[in-house]
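Novice: In this note's numbering, the protein residues as written are 789 to 859. The beta carbon of each residue, even a glycine, is placed where N, CA and C say it ideally should be.
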């Protein structure tokens with residue numbers, strides 16, 4: 789990963805990154821879906837929480853891209 793991209797992900801002071809992965813359903817594992825079954829509300833909650841990164845499947849990423857305010 790390039791230097792500029794890493795600088796966008798990691799806090800310059802703490803050198804830490806909060807990365808939330810919600811792409812588990814992509815791997816056809818139903819037990820991972822409890823609590824994240826309604827992806828539009830999950831993505832909206834995550835955007836509000838403002839983590840440094842959100843891992844989504846390509847289909848889930850469309851939900852984030854369609855939101856009026858992006859992180």
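So, is residue 809 buried or exposed, given that buried needs 16 or more other C-beta atoms within 10 angstroms?
Specialist: exposed
Novice: At what residues does the beta strand (DSSP E) containing residue 841 begin and finish?
Specialist: 841-843
Novice: Kindly indicate which three-state DSSP category residue 830 falls into: helix, strand or coil?
Specialist: The answer is helix: DSSP assigns residue 830 an H, G or I state.
Novice: Would residue 831 and residue 852 be called neighbours here (beta carbons separated by less than 8 Å)?
Specialist: Yes; because the gap between Cβ atoms is below 8 Å, this pair is in contact.
Novice: Going by C-alpha distance, which of 854, 803, 846, 804 is nearest residue 811?
Specialist: 846
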